[in-house]
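Going down the list, the sequences are from chains A and B.
Sequential numbering of the first sequence, starting at 1, is according to this note's numbering.
Sequential numbering of the second sequence, starting at 325, is according to this note's numbering.
A virtual CB, placed ideally from N, CA and C, is assigned to each residue, including glycine.
Protein chains: 2
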Amino acid sequence: MVLTVNPLKLINKDLKKLEFRLREFLQIPVPVLSETGVYLLEAGGKRVRPIFALLAGKLFNYDESTLFTVAMAIEIIHMASLAHDDIVDDSTLRRGRPTLAARWGKAAAVVTGDYLLAQAMQLIYGVKNKEVTSLLAHTSTEMCRGEICQIQASHDTRQSVHDYFYKIRRKTALLLSLSCEAGAVVSGASREEARVLRQYGQCLGVAFQIMDDVLDIEATKEEIGKPPASDVRQGIITLPMLIAMNEGGAGSVRLRELLTRKEKTTAEVAEATALIRRSGGPARCRETARRFITAACRKLPLLPDKPERAALARMAEIVLNRRS
Amino acid sequence: MVLTVNPLKLINKDLKKLEFRLREFLQIPVPVLSETGVYLLEAGGKRVRPIFALLAGKLFNYDESTLFTVAMAIEIIHMASLAHDDIVDDSTLRRGRPTLAARWGKAAAVVTGDYLLAQAMQLIYGVKNKEVTSLLAHTSTEMCRGEICQIQASHDTRQSVHDYFYKIRRKTALLLSLSCEAGAVVSGASREEARVLRQYGQCLGVAFQIMDDVLDIEATKEEIGKPPASDVRQGIITLPMLIAMNEGGAGSVRLRELLTRKEKTTAEVAEATALIRRSGGPARCRETARRFITAACRKLPLLPDKPERAALARMAEIVLNRRS
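Below is the structure:
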């Protein structure tokens, strides 16, 4: 059955090639950057965005070199945004290792991010596809808007579910959506096909972030490579928290009180996390994520019937069921 | 005599229009950004880069809307780089006011810079001139290289004059050079004319930065809008310091010792500054700057004989003689 296609197996060779090219690209002959670039690369990550770009592109009449360049550029933008996000969120750990800002200082993290962004732009110009170039500029702008909303909304327990979606659409969904759309656009997809993939990426990105926020509450340090409940600690208000706070009852009131505090003791973080776990938040988040996954896949049948299409459907399931 | 053209008078109307359009552009309907963008704009600055872009473009067959867009984009890139530089240099004052990072926090400064950069890219794409787009991506990359060298070289008194020039070429000269070249390129300059303007901008940019570094040593707080000797305090090793340290004698030894210290008392900063002032550093820097100014102007006669050409020559003089 085509639905059992293993997406990672399908593009395993491509991913290895991509990894090699990323490493080559990040051998930057400049002090500090030569270390920070490779450090970000080795921090791992699942190369989620390149996977989508490659799968989307391979549905059509793709040119390997162009498609790879786009996939690389998007991963580099993602890496740059991680370098800057860790300054913005004041995080010291990511995926079990010190963040770039924690290890090399904020100055180096700012410049590394700027440098990688500039390099990604250069890669994208090289593709000479106006649509992708303009998509990218638009995406960068909107990602910043999402980031600024996150800063603004930190510790603000009065924010609405609407605010949450505004933020994650920009912070996460947009780059995933761009990955799918750009992969398709440079590979000769029709306007309609590109639109299907954009929407797929957007819905999937929202589901991805919701699940990320659930995992931050439910998973163990071993599973996610950082102490859980980092959102609680940093005052980032996520969907499971919003649901838990809006349930009513003494638990909700206490949770709101705890989450409003800018400084929390370890005991307070644990108490807030327990309150969210015990609430209906996580389960309702999973439902919501499932609805987005269903929406993501709805129009996939409009795309060419290739193994990559089945792989995209399977990726959606993986996002929903991931534990790390 | 054409050489007495007052550059600012010549493009006074254009600058007013630019100021208006920048302000309009920075009315960003996003929390925080709506304040930080305008704050950066109101911090003033002399709009040096737009002045060069406008003068360069007006030498040729320019399209007003395109030329203005380029000038605006470059000023916005400059503003973005200031927002990030102040994090990198850990500065709290710029032009007499708290830096963005000092007032809104580093997180807001990172995102404001990222947002403005993305916006500038969008403006530049809009111009639909491939050469300018690729010039810009290249410039951004190289500017980061300069910035990283500055981080690396801070407090490092063993750095060479060569290191200094590598750094300021990228940190300052490149964007000035881009201003001149991009203004010309979008206005139909020939390849040779664009090259003349690029080199003019580069030499002028180097002279500009050298004079900036001299002023930081010699000027008063009132003149430059920030406490003088901020480079000494921050451990940024500039040309006047390098010359003073290399003169030999007890003063040089003492200066080197002081500049190597990462933490300096107010008395130590004052002592180091006095040693540099008394050395031959400032005078030799002025000579060096003058040589770059001469080089900048050498090929101007190859450009169309218009008032803007005389204005460019005059700008070079202004850079050399500025007191603030």
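Within the same chain, Ala229, Val232, Arg233 come within 6 angstroms of A/Val269 by CB-CB distance, once the 5 residues on both sides are set aside.
Taking a C-beta distance under 7 angstroms as the contact criterion, A/Ser177 and A/Gln209 do not qualify as a contact pair. By the C-beta criterion, the segment 159-178 of chain A is judged not to be in contact with the segment 459-479 of chain B, since fewer than 3 inter-stretch pairs fall below 8 angstroms. If you draw a 10 Å sphere on the C-beta of B/Glu466, you find 16 or more other C-beta atoms in it, and that means buried. Identification of residues in the segment 12-46 of chain A having a C-beta nearer than 7 angstroms to some C-beta of chain B yields Val30, Pro31, Val32, Leu33, given in sequence order. Chain A has no Cβ within less than 7 angstroms of the Cβ of B/Asp555. Neighbours of B/Lys430 across chain A, judged by C-beta separation under 9 angstroms: Ile87, Val88, Asp90, Lys106, Val110. In its chain, beyond the 5 residues on either side, His155, Thr157 have a beta carbon closer than 7 angstroms to the beta carbon of A/Thr260. The secondary-structure analysis by DSSP pairs A/Leu93 across a beta bridge with A/Pro98. Identification of residues in the segment 145-177 of chain A having a C-beta nearer than 8 angstroms to some C-beta of chain B yields Arg145, Glu147, Ile148, Cys149, Ile151, Gln152, given in sequence order. A contact is defined here as three or more CB-CB pairs under 8 angstroms, and the segment 393-400 of chain B meets this definition with respect to the segment 437-455 of chain B. Pairing B/Gly604 with B/Pro564 gives a Cβ-Cβ distance that is not under 7 angstroms.
In chain order, Gly113 place their CB closer than 6 angstroms to the CB of A/His84, counting only its own chain and leaving out the 5 sequence neighbours on each side. Taking all protein chains in view, the Cβ of A/Val161 is surrounded by fewer than 16 other Cβ atoms within 10 Å, so the residue is classified as exposed. For B/Ala461, the chain A residues whose C-beta falls within less than 8 angstroms of its own C-beta are Ala118, Met121, Gln122, Tyr125, listed in chain order. Each of A/Ala313, A/Ser34, A/Gly183 was checked against the Cα of A/Ala108, and the nearest Cα belongs to A/Ser34.
Counting C-beta pairs with one atom in each stretch, the segment 49-60 of chain A and the segment 188-198 of chain A have three or more that are closer than 8 angstroms, which means they touch.
Using a CB distance below 7 angstroms, the part of the segment 385-408 of chain B facing chain A consists of His408, ordered along the chain. Short of 7 angstroms from the beta carbon of B/Lys630, and not among the five residues preceding or following it, lie these beta carbons of its own chain, in chain order: Leu383. For A/Thr99, the nearest beta carbon of chain B is not closer than 7 angstroms to its own beta carbon. The DSSP assignment places complete alpha helix (DSSP H) segments of no fewer than 4 residues inside the segment 479-503 of chain B at 485-492, in order along the chain. Straight-line measurement puts the Cα of B/Lys340 at about 58 angstroms from the Cα of A/Leu275. About 6 angstroms separates the beta carbon of B/Lys430 from that of A/Ile87, a gap short enough to meet the 8 angstroms contact definition. Taking a 10 Å sphere around the C-beta of A/Ala250, we find fewer than 16 other C-beta atoms and assign the residue as exposed. In this structure, A/Pro50 places its C-beta atom within 7 angstroms of the C-beta atom of A/Glu75. Against A/Tyr115, the close residues of chain B are Thr465, Cys468, Arg469, Ile472, in the order they occur along the chain (beta-carbon pairs closer than 8 angstroms). In its chain, beyond the 5 residues on either side, Ala397, Ile400, Ile401 have a beta carbon closer than 6 angstroms to the beta carbon of B/Ala444. DSSP places A/Ala43 outside both helix and strand once states are collapsed to three, so it counts as coil. At a cut-off of 7 angstroms between beta carbons, B/Ser576 makes no contact with chain A. Rounded to whole angstroms, the gap between the alpha carbons of B/Arg347 and B/Met403 is 13 angstroms. Counting along the chain, B/Ala619 sits inside the alpha helix (DSSP H) bounded by residues 605-622. Between B/Ala380 and B/Leu521, the gap from beta carbon to beta carbon is short of 7 angstroms. The three-state secondary structure of B/Gly512, taken from DSSP, is coil. DSSP places A/Pro227 in the coil class of the three-state scheme, outside both helix and strand. Judged by beta-carbon spacing, A/Leu255 lies within the 7 angstroms limit of A/Ala272, meaning their Cβ atoms are closer than that value.
Here the alpha carbon of B/Gly361 sits roughly 8 angstroms from the alpha carbon of B/Gln351.
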